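To keep things clear, I will list the structure first and then write my remarks on it.
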Amino acid sequence: MSVALSLSLQFAAFDGVDRHRQVLRRARVARWISHALQGPGELTVRVVGETEGQALNRQFRGRDYATNVLTFDYAREPVVACDLVLCGPVVEREAREQRKALEAHYAHLLVHGTLHAQGWDHERSEREAFEMEALEVLLLGSLGYPDPY
């Protein structure tokens, strides 16, 4: 399914950012996000270093560490509008620790964040977590990526 997508892709300056730029080609990111969108979307994807990632997580979630992805959703209808902020060094470290390709881990986190922007939430209940994870597995599988869990 093809949906209308307006995508802004941004990279902050951090050590190793060029590796992330290579993986996160605009067409690839748009494909992953479009696959998870159920309608039109206006998304900004920003890849940041640990300092910015930690500051955003502390300011908006009260957690004083850099996390892999933050979703800032502004609207769901008639158009999904959100910012997805990914912390490049955290994503790279997790991929290495989980023995995943960096590309596959980014695909998962962008699908995950896009689902959050549409109201999916894995923290409200075990049932919702199970449903969200199952949808992620299905979407990633149809994109050619293995089960991220």
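So the sequence shown is residues 292 to 440, counted in the working numbering. The beta carbon of each residue, even a glycine, is placed where N, CA and C say it ideally should be. Everything numeric in this text was worked out from a predicted model, so none of it was measured.
- Pairwise C-beta distances place the segment 325-336 in contact with the segment 365-381, as three or more of them are shorter than 8 angstroms.
- By the criterion of a C-beta distance shorter than 6 angstroms, Arg310 is surrounded by no residue of its chain, once the five residues flanking it on both sides are discounted.
- Taken through DSSP and simplified to helix, strand or coil, Ala408 comes out as helix.
- A residue is called buried once 16 or more other Cβ atoms fall within 10 Å of its Cβ, and Ala318, having fewer, is exposed.
- Judged by DSSP secondary structure, Gly379 falls within the alpha helix (DSSP H) whose first and last residues are Gly379 to Glu388.
- About 13 angstroms separates the beta carbons of Leu400 and Leu334, which is beyond the 8 angstroms limit, so they are not a contact pair.
- For Glu427 and Val402, the gap between their C-alpha atoms comes out near 7 angstroms.
- Using a Cβ-Cβ distance cut-off of 8 angstroms, the segment 340-357 and the segment 298-309 are in contact, since at least three pairs of beta carbons, one from each stretch, lie closer than that value.
- Met423 and Arg384 have their alpha carbons spaced roughly 24 angstroms apart.
- In the structure shown, Phe421 adopts helical secondary structure according to DSSP, grouped into three states.
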